[in-house]
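Contents: one structure, followed by commentary.
Numbering (my numbering), first residue to last: -5 to 45.
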């Protein structure tokens, strides 16, 4: 009985201690794709990237 309470407590602490992660899929260059005459720096400025 006590061990199940300890396990539950540890599980709750671990759940809140681990930061959530979200993913976003980016298509580089949007509909233009990879091209020599595309402003990739301008494209990247309008996006928010986190590592």
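Ideal Cβ positions, reconstructed from N, Cα and C, are used throughout, including at glycine.
Cut-off 7 Å between Cβ atoms - residues of its own chain near residue i, not counting five sequence neighbours on either side
i: residue 28; result: 22
Whole-number beta carbon distance between residue j and residue i, since they are thought to touch under 8 Å
i: residue 32; j: residue 26; result: 5 Å
Residue i to residue j span [Cα, whole Å]
i: residue 6; j: residue 16; result: 20 Å
i: residue 8; j: residue 39; result: 35 Å
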